[in-house]
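Using our numbering, you'd call the opening residue of the sequence shown number 36 and step up by one each time.
No residue lacks a Cβ here, since even glycine has one placed at the ideal position from N, Cα and C.
Taking it in order: structure first as structure tokens, then the write-up.
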Amino acid sequence: MNKTKKTLLYTLLVFVVSLTIVLCLPYWLTRTTFFESGIAFSKTGEIGDTIGGIMGPFVAIIAAGLTFLAFWIQYEANSKHVDQFESQSKQNSIDRFESKFFEMIKLHRDNVNELRKFYGHEMGGVIFYSLIKEFMIVYEWTQVFIREHSLIDDEEIAGEEVEGIDIREGQGLDDDDDDDDDDEFWVQDFLEEDELEDVEVANILRELNTGHIFDIAYKTFFIGLKEVSINTLKDHLGEYDIRLINRYLDYMSQEKNGYDYFENQLSIMDGHLTDLAHYFRHLYQTVKLIVEIPDDLMNDTERYEYIRILRSQLSDHEQLLLIINGQSEYGKEWLNRNLFSYWKVVKNAPKEQIELLEINVDDYFTSFVVREEAVTNNGN
């Protein structure tokens, strides 16, 4: 028996009992004793006055009670309708969210297929393996450049003999001149301008940390060294010394020109600004849609179920590329909003590549379950 039926039966019972009491009250209240009639019309006056005077207050009280019950029943009915409306409204909001979410999942698949067509791969998952392989090469070349060009110092150059004069030892200088600053300035005169710049660039390179190296390599990979994008790349690397960047780009261009595309079947530093930017932006908006749904519609446990659905669409190399992007300046919002560590957007990734890239899993991805073995070349 539902709540509404119980309320109606209770109301009917109260009404019957109240009516019985009202009808019996005149008789009970006009009796002198319980066993004999109390109505004596010769003494009490007209019956109407007696009954009216006695029953009036009781009828008013019962009427007020029944009116209250009527309003209460209406209130309960209205509350139930409000609850039903709110429940329906909540379900409609969730339905709209799910419709948009699964549409974005479909668009994600379409984006992967577009990447496949753009790069000429028959299987969409392979493209992410190729992209990671390309970045690994760019990162390695960047490390080699920094390692080689940071070894030069002024003492090494000053120690060379210029036209028979040992500059390091100071032979040929005025022995009577005790001004070391003047001697150093005189030594610099023997050095070519490029050699001095080499020293200054080397000093700058020695100040770079692993994060800077990763940032430079990723921006080079992402924007590319094509003629149409080289100025954009310089702008994005504007925080670094221009002399360093010019030498770095010259070095990377030489490496690119010497790379055998036909042998390796992999293009290098052609840039991915148009294709990957759209891919990452759409993926970020999909995750944002999940985590920003109001708390009155969904709790974190329910949100995580949708994160799992999204994550199931990502291959292991796709997840690794997302980690790499998150390490860069372009993907800082992923870290700032704890989309990795709390929401576990990425859970499986090839450990071998992570170690080669010197990514500190404990610092950035403490919640990740990193696979011990590298995934196969097909990226699945």
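Whether residue i touches residue j by CB criterion (8 Å)
{"i": "Leu240", "j": "Leu279", "result": "yes"}
{"i": "Ser185", "j": "Ala252", "result": "no"}
{"i": "Ile172", "j": "Ile303", "result": "yes"}
{"i": "Val322", "j": "Leu374", "result": "yes"}
{"i": "Glu393", "j": "Thr245", "result": "yes"}
{"i": "Gly293", "j": "Ser264", "result": "no"}
{"i": "Leu324", "j": "Lys135", "result": "yes"}
{"i": "Ile248", "j": "Gln348", "result": "no"}
{"i": "Val101", "j": "Phe50", "result": "The displayed chain sequence assigns Leu, not Val, to residue 101. Going by C-beta atoms, Leu101 is nearer than 8 Å to Phe50."}
{"i": "Phe180", "j": "Phe256", "result": "no"}
Counted within 10 angstroms of its Cβ, other Cβ atoms place residue i as buried (16 or more) or exposed
{"i": "Ile342", "result": "buried"}
{"i": "Leu54", "result": "exposed"}
{"i": "Gly273", "result": "exposed"}
{"i": "Asp351", "result": "buried"}
{"i": "Glu327", "result": "exposed"}
{"i": "Ala384", "result": "buried"}
{"i": "Leu268", "result": "buried"}
{"i": "Leu357", "result": "buried"}
{"i": "Val161", "result": "buried"}
{"i": "Lys152", "result": "exposed"}
{"i": "Lys291", "result": "buried"}
{"i": "Leu258", "result": "According to the sequence displayed, residue 258 carries Ile and not Leu. Under this definition Ile258 is a buried residue."}
{"i": "Gln362", "result": "buried"}
{"i": "Tyr283", "result": "buried"}
{"i": "Gln119", "result": "exposed"}
{"i": "Trp107", "result": "exposed"}
{"i": "Tyr296", "result": "exposed"}
{"i": "Gln109", "result": "exposed"}
{"i": "Phe137", "result": "exposed"}
{"i": "Glu204", "result": "Here Glu204 scores only 40 on pLDDT, less than 50, and its place in the model should not be relied on; the value that follows carries that caveat. It counts as exposed."}
Among the options, nearest to residue i - alpha-carbon criterion
{"i": "Asp310", "options": "Val322, Lys115, Val147, Tyr110", "result": "Val147"}
{"i": "Leu391", "options": "Val49, Lys168, Lys115", "result": "Lys168"}
{"i": "Asn360", "options": "Ile277, His313, Ile325, Leu104", "result": "His313"}
{"i": "Ile277", "options": "Asp233, Glu262, Asn299, Glu183", "result": "Asp233"}
{"i": "Cys59", "options": "Phe93, Lys41, Leu47", "result": "Phe93"}
{"i": "Phe315", "options": "Tyr377, Phe132, Gly366, Asn266", "result": "Gly366"}
{"i": "Asn127", "options": "Lys386, Met333, Leu150, Thr102", "result": "Met333"}
{"i": "Leu308", "options": "Leu166, Leu101, Tyr296", "result": "Leu166"}
{"i": "Leu47", "options": "Ala99, Tyr296, Leu104, Gly91", "result": "Leu104"}
{"i": "His271", "options": "Asp285, Asn281, Lys254", "result": "Lys254"}
{"i": "Ile344", "options": "Arg182, Val380, Arg372, Leu150", "result": "Val380"}
{"i": "Thr336", "options": "Gln123, Asn266, Val117, Trp378", "result": "Trp378"}
Beta-carbon contacts of residue i that lie in its chain and below 8 Å, excluding the five residues immediately before and after
{"i": "Ser288", "result": "Leu260"}
{"i": "Ser114", "result": "none"}
{"i": "Tyr45", "result": "none"}
{"i": "Glu242", "result": "none"}
{"i": "Gln388", "result": "Ile167, Met171, Leu355, Ala409"}
Sequence-distant residues of the same chain with beta carbon closer than 6 Å to residue i, five excluded per side
{"i": "Met139", "result": "Thr321"}
{"i": "Gln300", "result": "none"}
{"i": "Glu195", "result": "In this prediction, Glu195 scores a pLDDT of 47, lower than 50, which makes its location untrustworthy; no coordinate-derived value is stated."}
{"i": "Lys41", "result": "none"}
{"i": "Tyr174", "result": "Ala252"}
Sequence-distant residues of the same chain with beta carbon closer than 7 Å to residue i, five excluded per side
{"i": "Leu142", "result": "His317"}
{"i": "Glu364", "result": "Asp250"}
{"i": "Phe163", "result": "Ser350, His352, Glu353, Leu356, Gly414"}
{"i": "Asp331", "result": "none"}
{"i": "Arg338", "result": "Ile325, Val326, Ile328"}
{"i": "Trp176", "result": "Met287, Glu290"}
{"i": "Leu150", "result": "Gly159, Ile162, Asp310, Tyr314"}
{"i": "Glu121", "result": "none"}
Checklist entry - Which runs of the alpha helix (DSSP H) spanning at least 4 residues fall entirely within the region 320-399, listed in chain order? => result 335-346, 351-362, 367-371, 386-391, 396-399
Next on the checklist: If we require 4 or more residues per run, which alpha helix (DSSP H) segments fall completely within the region 254-316?
Outcome noted: 265-271, 277-292, 296-299
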